[in-house]
Amino acid sequence: MANNKRKDALEGIKDGFPIFLGYFTTALAFGLLTRTSGLRFVEGILISLTNYSGSGQFLMMNLFNAGSFLLEIVISVFFLNTRYIFMASSLYTHLENPKSIAGRLMCGFGTTDEIFAVAALKGKKLTYSYMAGIVFTSYAGWTSGTAMGYIAGTFLPDVIQKAAVITVYAMFASLLGSESRKNAKALLVLLVSAGLNSMLILLFGVGTGVSFLISMLAATIFGCFIYTDEEAGV
Amino acid sequence: MINVFVMIGLCSVATMLPRMAPYFMPFLAKLPKNIRKSMVLLPVAALGALIFPLALTDFGVEWYAGLVGVVSAFFVSYFKGSMILSILVSLASTAIMLVI
Numbered sequence: 209m210a211n212n213k214r215k216d217a218l219e220g221i222k223d224g225f226p227i228f229l230g231y232f233t234t235a236l237a238f239g240l241l242t243r244t245s246g247l248r249f250v251e252g253i254l255i256s257l258t259n260y261s262g263s264g265q266f267l268m269m270n271l272f273n274a275g276s277f278l279l280e281i282v283i284s285v286f287f288l289n290t291r292y293i294f295m296a297s298s299l300y301t302h303l304e305n306p307k308s309i310a311g312r313l314m315c316g317f318g319t320t321d322e323i324f325a326v327a328a329l330k331g332k333k334l335t336y337s338y339m340a341g342i343v344f345t346s347y348a349g350w351t352s353g354t355a356m357g358y359i360a361g362t363f364l365p366d367v368i369q370k371a372a373v374i375t376v377y378a379m380f381a382s383l384l385g386s387e388s389r390k391n392a393k394a395l396l397v398l399l400v401s402a403g404l405n406s407m408l409i410l411l412f413g414v415g416t417g418v419s420f421l422i423s424m425l426a427a428t429i430f431g432c433f434i435y436t437d438e439e440a441g442v
Numbered sequence: 137m138i139n140v141f142v143m144i145g146l147c148s149v150a151t152m153l154p155r156m157a158p159y160f161m162p163f164l165a166k167l168p169k170n171i172r173k174s175m176v177l178l179p180v181a182a183l184g185a186l187i188f189p190l191a192l193t194d195f196g197v198e199w200y201a202g203l204v205g206v207v208s209a210f211f212v213s214y215f216k217g218s219m220i221l222s223i224l225v226s227l228a229s230t231a232i233m234l235v236i
């Protein structure tokens, strides 16, 4: 029994290693962003420790830098994260022993897009030892990357620091690139979302937080019409 | 001025609630199809508004530097480059635009 646990944990660590690398490098950019946004080291690290989400954290910093209100930031982050309800519900059905409360909390904490993708495709029942292995390996990459990125920021020349504002948008543009490769309809959704947001902010002077929420929801509804159920994977 | 610690705490709740709840409330898996479809498409729909217009306005009169950065990140990833490569190329091209 103890041997099995060990074996499962090791397998989780092994599956988590590619995620570790991806998270570490992305978190470098996030760490640098928290620095250029004027946050302290502790604050930057605390975000990654307690939120443990890529796009959610970048969104938070984006709206924070744009001077949005607290409630606008929190509501936007929540909406962006509703997709986890879908992923967590699916992972829950794969658990070998769904009773342990601590185990379920750990799995919930670690239900990120990448861990979901790897674990859900595992094709067998998931033990808590396996999940702990993959969740904490990936978590180590995310948090240590944030710290390293913040520290590395102190050594970068001024022009790079000034250009570093782009990292947050580069991260989103990169997600958009891979979404568009999978389905060109993503570009139509982009047009609605980007066009509406630019219009509301630049022409009508709407606050960035409210404008973001309106644009995101409008583009989602538009997306539901143009994507078939199969394309959306539901 | 926002209290950063309050923001971090509330955002953590906004992240962990949708992740943890389904492990305790399995009925969430049975939400209507249209709701589930929206949840899947929402992150894609968020991207456009996350990038524009702020990626340009953040750079003020040098807005073209932001545009070059966004477009280069998009293409690197479109042609299967990794996320970090696309961020690095974007950072470099934006810095070059700011210098020239």
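The listed protein sequences derive, respectively, from chains R and U.
Going by the numbering used here, the first sequence opens with residue 209, and the numbers climb by one from there.
Going by the numbering used here, the second sequence opens with residue 137, and the numbers climb by one from there.
Built from N, CA and C at the ideal position, the CB exists for glycine as well.
Here the structure is a predicted model, which means the values were calculated and not measured.
Touch test, the stretch 171-184 of chain U against the stretch 396-408 of chain R, Cβ-Cβ under 8 angstroms, three pairs minimum: yes
Contact check, residue 201/U vs residue 152/U, beta carbons under 8 angstroms: Locating residue 201/U in the second sequence gives position 65, counting from the first residue. Locating residue 152/U in the second sequence gives position 16, counting from the first residue. No, the Cβ-Cβ distance between residue 201/U and residue 152/U is not below 8 angstroms.
Where the stretch 173-194 of chain U meets chain R: residues whose CB sits under 7 angstroms from a CB there: 173, 174, 175, 176, 177, 178, 179, 180, 181, 182, 183, 184, 185, 186, 187, 188, 189, 190, 191 and 194
Alpha-carbon to alpha-carbon, residue 252/R and residue 292/R: To locate residue 292/R, count along the first sequence from 1; it is residue 84. To locate residue 252/R, count along the first sequence from 1; it is residue 44. Going from the Cα of residue 292/R to the Cα of residue 252/R covers about 23 angstroms.
Pair within 8 angstroms by beta-carbon distance, residue 220/U and residue 234/R: Along the second sequence, one-based indexing puts residue 220/U at 84. Along the first sequence, one-based indexing puts residue 234/R at 26. Yes; because the gap between Cβ atoms is below 8 angstroms, this pair is in contact.
DSSP bridge partner residues for residue 334/R (one or two, in chain order): Indexing the first sequence from 1 puts residue 334/R at position 126. 303/R, per the DSSP bridge assignment.
Residues of its chain near residue 340/R, where Cβ-Cβ distance is below 8 angstroms and the 5 sequence neighbours each way are ignored: Translated into the one-based positions of the first sequence, residue 340/R becomes position 132. Counting only Cβ-Cβ distances below 8 angstroms, and skipping sequence neighbours, we find 217, 220 and 314.
Cβ of residue 214/U within 8 angstroms of any chain R Cβ: Numbered from its first residue, the second sequence carries residue 214/U at position 78. By this cut-off, residue 214/U is an interface position.
Distance, residue 224/R Cα to residue 192/U Cα: Here residue 192/U refers to the residue found at position 56 of the second sequence. Here residue 224/R refers to the residue found at position 16 of the first sequence. The alpha-carbon atoms of residue 192/U and residue 224/R are separated by roughly 36 angstroms.
Given 8 angstroms, three or more beta-carbon pairs between the stretch 162-174 of chain U and the stretch 269-287 of chain R: no
Beta-carbon contacts of residue 298/R that lie in its chain and below 7 angstroms, excluding the five residues immediately before and after: The residue labelled residue 298/R in the question sits at position 90 within the first sequence. Only 328 meet the Cβ criterion.
Contact with chain R by residue 196/U, beta-carbon distance below 8 angstroms: Reading the second sequence from its first residue, position 60 is the one you call residue 196/U. Chain R, which has no Cβ nearer than 8 angstroms to the Cβ of residue 196/U, makes this no.
Contact set between the stretch 152-164 of chain U and chain B, restricted to residues whose Cβ is under 8 angstroms from the partner: Of the chains in the structure shown, none is chain B; the protein chains are R and U.
Proximal residues to residue 326/R (C-beta, below 6 angstroms), its chain only, five neighbours per side dropped: For the purposes of this step, residue 326/R is identified with residue 118 of the first sequence, where counting begins at 1. Around residue 326/R: 223.
Pair within 8 angstroms by beta-carbon distance, residue 290/R and residue 154/U: The residue you call residue 290/R lines up with position 82 of the first sequence. The residue you call residue 154/U lines up with position 18 of the second sequence. Yes, these two residues count as a Cβ contact at 8 angstroms.
Contact belief for residue 255/R with residue 323/R at Cβ below 8 angstroms, rounded distance in angstroms: On the first sequence, position 47 is the one that residue 255/R refers to. On the first sequence, position 115 is the one that residue 323/R refers to. Rounded, the Cβ-Cβ distance is 19 angstroms, inconsistent with contact.
Members of the stretch 345-370 of chain R near chain U, C-beta cut-off 7 angstroms: 367, 368 and 370
Cα-Cα separation between residue 232/R and residue 350/R, rounded to whole angstroms: Residue numbering aside, residue 232/R sits at position 24 when the first sequence is read from its first letter. Residue numbering aside, residue 350/R sits at position 142 when the first sequence is read from its first letter. Taking the straight line from one Cα to the other gives about 5 angstroms.
Sequence-distant residues of its chain with Cβ nearer than 7 angstroms to residue 414/R (five each side left out): Position 206 of the first sequence, counting from 1, holds the residue named residue 414/R. 408.
Cutoff 8 angstroms: residue 375/R Cβ touching any chain U Cβ: Taking the first sequence and counting its residues from 1, one reaches residue 375/R at position 167. Output row for residue 375/R: interface = yes.
Proximity of residue 237/R and residue 357/R at Cβ, strictly below 8 angstroms: Translated into positions along the first sequence, residue 237/R becomes position 29. Translated into positions along the first sequence, residue 357/R becomes position 149. Against a cut-off of 8 angstroms, the Cβ pair of residue 357/R and residue 237/R comes out as a contact.
Among 272/R, 334/R, 296/R and 310/R, nearest to residue 320/R - alpha-carbon criterion: Here residue 320/R is taken as the residue at index 112 of the first sequence, counted from 1. If we check each option's Cα against that of residue 320/R, 296/R comes out closest.
Residue 198/U to residue 438/R span [Cα, whole Å]: Along the second sequence, read from residue 1 onward, the residue named residue 198/U stands at position 62. Along the first sequence, read from residue 1 onward, the residue named residue 438/R stands at position 230. Taking the straight line joining both Cα atoms gives about 42 angstroms.
Extent of the continuous alpha helix (DSSP H) to which residue 258/R belongs: For the purposes of this step, residue 258/R is identified with residue 50 of the first sequence, where counting begins at 1. Counting along the chain, the alpha helix (DSSP H) containing residue 258/R begins and ends at 249-259.
Beta-carbon neighbours of residue 220/U, restricted to chain R and to distances below 8 angstroms: Counted from its first residue, the second sequence places residue 220/U at position 84. Those within 8 angstroms of residue 220/U in chain R are 230, 233, 234, 236 and 237.
Buried versus exposed call for residue 384/R [16 or more other C-beta atoms within 10 Å across all chains shown]: Counting from one through the first sequence, the residue named residue 384/R turns up at place 176. Buried is the call here.
Residue closest to residue 421/R, alpha-carbon to alpha-carbon, out of 250/R, 266/R, 373/R and 285/R: Taking the first sequence and counting its residues from 1, one reaches residue 421/R at position 213. Ranking the options by Cα distance to residue 421/R, first place goes to 285/R.
Per-residue DSSP class, three states only, for residue 175/U: Locating residue 175/U in the second sequence gives position 39, counting from the first residue. Helix at residue 175/U.
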